[in-house]
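What follows is a single structure, written as structure tokens, with notes after it.
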Amino acid sequence: MREFSTPLTIEVPATGNLTDDVVANAREAADQAVFSRRVDGTWQDVTSATFLAEVSAVAKGLIAAGLEPGDRVALISKTRYEWTLLDYAIWFAGCVTVPVYETSSSEQVAWILRDSGARAVVAEGPEHMARVNEARGDLEHLNHVWSLADNAVDVLGRLGADISDADLETRRTTATPLDLATLIYTSGTTGRPKGCMLTHGNFMFELGVAVDELEKLFSTEGASTLLFLPLAHVFARIIQVGSVKSRTRLGHSADIKNLVADLQEFRPTFVLAVPRVFEKVFNTASQRAAADGKGKIFDRAAETAIAYSRGLDRGRPSLAVRAQHALFSRLVYGKLREALGGACEYAVSGGAPLGDRLGHFYRGIGLVVLEGYGLTETSAALTVNLPDATKIGTVGRPLPGTAVRVADDGELLFKGGQVFAGYWENEEATREALERDGWFHTGDVGEVDDEGFVRITGRKKEILVTAGGKNVAPAVLEDRLRAHALVSQCMVVGDGQPFIAALVTIDPESFPAWAEAHGKSGSVADLVDDPDLRAAVQSAVDDANKAVSKAESIRKFTILPEDWTEEGGQLTPSLKLKRNVVMREFREDVAALYPS
């Protein structure tokens, strides 16, 4: 059994809670802009003092409404300034935030509200209100529903006008590091979502070490980031809390359609995203270059960027690669960096493996992507690559105060102050995941090298075993396949079968340009058996197969007529594949790959 631990480098507070950062910011840097929010089309700064005043006013309203310490308050909204404002107001009132993805169905909303015992809900608009109201008849404990569209922030501010500052301070300081801060429901790739109990102490530990380790992101002069991932996801949430703690200027972008414009106006110094976003940026640039007749130049620029980054790992790129890199820096790389606002030096990637090729590509164009690893159950990051300690293809070393262990079956176990307190009112699930001595079973399979860098190789429950007894980790093939511009999603199959195969969907944004370039008419559904389209996907499969042995390689594939989406139910809100759903919906397509 292999084990590696990183010693704790800071003193983690034994008292207080997450609201202390807001109070300290207002006391020590009252006029510093800690947020920028979009108002009537322009970005307006919000100072530390203003944020404290707004949070306090909303918190007083929650207290006046009769909410008690420990009560759960659900929050369902897109990523926006008010999300963060309400999150801290809920904590100021001594309550517990229950985030709900704004894309959640009525059934999912009902389950989370019922399971958490939420006493109040703040929902964004009419659609969200309708889902809440649909479930409300069965929720006796739900006393209040407010809507941001109906000025919930102002309503709560007026409601709490008679609550004194002294009463608020008493309530604000009630929670200790041991008290619950939030119940985050896992996305639920299988079964009903479980509520992960994260304490104030979990967040304080996580951010204490992460902000210290990632000093170049959070502590450089003018540091800023634009959040566009859903704040219901722990990854975005931890960056929110880290930004408040470090006084990093934070903005919110609610609509992915406006993201490029928002990035160019906001000009963040670092961003966070899931790998699919980095894949999309690369594929979109590749397709645009091809459409402009510059596809070969882009391909050469991409290969040069990758070669340059690989050269850095060996000590120094060759003279020829450095010369090509200097040329493409002027012609190509600057335009790609401009897509992220032009001021971005770092990006943090999590949620799924990024893959070597994309990691090297982005470092090669001048954007260091720091890949990390963690789960909802671990308050986000357990490991992360650091600006001064990066090994592309890994998810970094354990954060200070964190230990990793590789079990005999390859499963990764972690221990540290960021590991959750258990699943809400689900002792059986807690016992399965959390050992008595604090080791958490991640369900992921991986390796730890001699320097402590962790590599994720697959999911324990997703390992396929072919009829020949070969164990295959689908993630290796799927990550490589999705890197192709035409491929949107894919799922490797073959459990109990004589060979490995794959279901593939086509990227709806890349397809029109490809079709025009190849003189094709019709939709993806019309062309699933088209020889040229199959040849393009075959090239992606051939490339993916280079990463595995012959016994693990994809022998056959099927192109599906429609893409898999969150709305369609095949992807989680964090864009992970729901394998059980795909297997159920496309079992006939899988069966057709293995004719008897």
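Plus 1323 on top of the position in the sequence shown (first one is 1) and you've got our numbering.
From the three backbone atoms N, C-alpha and C, an ideal C-beta is built for every residue, glycine too.
Could you confirm whether any beta carbon from chain C is found closer than 7 Å to the beta carbon of residue i?
| i | result |
| --- | --- |
| Gln1431 | Among the protein chains of the structure shown there is no chain C, as only one such chain exists. |
Would you mind reading off the limits of the beta strand (DSSP E) that contains residue i?
| i | result |
| --- | --- |
| Ile1882 | 1877 to 1882 |
| Val1810 | 1810 to 1816 |
| His1467 | 1467 to 1470 |
| Ser1672 | 1669 to 1672 |
| Tyr1685 | Tyr1685 -> not in any beta strand (DSSP E); alpha helix (DSSP H) instead, spanning 1679 to 1687. |
| Leu1693 | 1691 to 1698 |
| Ala1915 | It is not in any beta strand (DSSP E) - Ala1915 instead sits in the alpha helix (DSSP H) that spans 1910 to 1916. |
| Thr1828 | 1823 to 1829 |
| Leu1312 | The structure shown does not extend to residue 1312, since the chain is modelled only from 1324 to 1919, so the question has no answer here. |
So, is residue i buried or exposed, given that buried needs 16 or more other C-beta atoms within 10 angstroms?
| i | result |
| --- | --- |
| Arg1515 | exposed |
| Asn1340 | buried |
| Asn1581 | exposed |
| Val1567 | buried |
| Ala1584 | exposed |
| Leu1654 | exposed |
| Pro1918 | exposed |
| Arg1907 | exposed |
| Pro1797 | buried |
| Asp1394 | buried |
| Glu1911 | exposed |
| His1556 | buried |
| Pro1831 | exposed |
| Gln1893 | buried |
| Glu1334 | exposed |
| Pro1951 | Nothing can be reported for residue 1951, as the shown portion of the chain is limited to 1324 through 1919. |
| His1523 | buried |
| Val1287 | Beyond the ends of the chain as shown, which are 1324 and 1919, falls residue 1287; an answer cannot be given. |
| Pro1553 | buried |
| Asn1903 | exposed |
| Arg1442 | buried |
Between the beta-carbon of residue i and the beta-carbon of residue j, is there less than 7 Å?
| i | j | result |
| --- | --- | --- |
| Thr1699 | Thr1509 | yes |
| Thr1548 | Pro1591 | yes |
| Leu1787 | Gly1766 | no |
| Glu1326 | Arg1759 | no |
| Tyr1656 | Val1691 | no |
| Ile1952 | Val1718 | No answer is possible for residue 1952: the residues shown for the chain start at 1324 and end at 1919. |
| Val1777 | Thr1706 | yes |
| Leu1503 | Val1423 | no |
| Thr1402 | Ala1577 | yes |
| Ile1829 | Val1847 | yes |
| Val1827 | Cys1813 | yes |
| Pro1392 | Gly1364 | no |
| Arg1495 | Thr1725 | no |
| Ile1620 | Phe1684 | no |
| Ala1412 | Val1432 | no |
| Thr1426 | Pro1896 | yes |
| Phe1526 | Val1564 | yes |
| Ala1863 | Leu1916 | no |
| Gly1673 | Phe1558 | yes |
Where does the unbroken alpha helix (DSSP H) through residue i begin, and where does it stop?
| i | result |
| --- | --- |
| Ser1862 | 1854 to 1868 |
| Val1476 | 1475 to 1482 |
| Gln1563 | 1557 to 1569 |
| Leu1586 | 1582 to 1589 |
| Phe1601 | 1598 to 1614 |
| Arg1778 | First-last for Arg1778: 1777 to 1782, but that is the beta strand (DSSP E), not the alpha helix (DSSP H). |
| Leu1503 | Leu1503 -> not in any alpha helix (DSSP H); beta strand (DSSP E) instead, spanning 1503 to 1508. |
| Arg1515 | No alpha helix (DSSP H) holds Arg1515; DSSP gives it neither H nor E. |
| Phe1834 | 1834 to 1840 |
| Asp1488 | 1488 to 1495 |
With which residues is residue i paired in a DSSP beta bridge?
| i | result |
| --- | --- |
| His1764 | Leu1736 |
| Pro1721 | Thr1706 |
| Arg1728 | Glu1326, Leu1736 |
| Met1520 | Leu1506 |
| Asn1794 | Val1788 |
| Phe1593 | Thr1548, Tyr1669 |
| Leu1945 | Only positions 1324 to 1919 of the chain appear in the structure, and residue 1945 is not among them; the question remains open. |
| Ile1715 | Thr1717 |
| Leu1757 | Phe1763 |
| Gly1921 | In this structure the chain extends from 1324 to 1919, so residue 1921 is not present and cannot be described. |
Within the present structure, is the beta-carbon of residue i separated from the nearest heavy atom of the ligand COA by less than 6 Å?
| i | result |
| --- | --- |
| His1464 | The model on display carries no ligand, and the ligand COA is accordingly not part of it. |
- prompt: Whole beta strand (DSSP E) runs in the segment 1429 to 1465 with 3 or more residues, listed along the chain?
  reply: 1443 to 1446
- prompt: What are the uninterrupted segments assigned as beta strand (DSSP E) that are 3 or more residues long and contained completely in the segment 1392 to 1434, given in chain order?
  reply: 1395 to 1399, 1419 to 1423
- prompt: Can you give, in chain order, each stretch of the alpha helix (DSSP H) that sits fully within the segment 1630 to 1657 and has at least 4 residues?
  reply: 1642 to 1651
- prompt: What runs of the alpha helix (DSSP H), each 4 residues or longer, lie entirely inside the segment 1335 to 1403?
  reply: 1343 to 1351, 1371 to 1387
message: List, from N- to C-terminal side, the alpha helix (DSSP H) runs of 4 residues or more that fit wholly inside the segment 1527 to 1558.
response: 1538 to 1541
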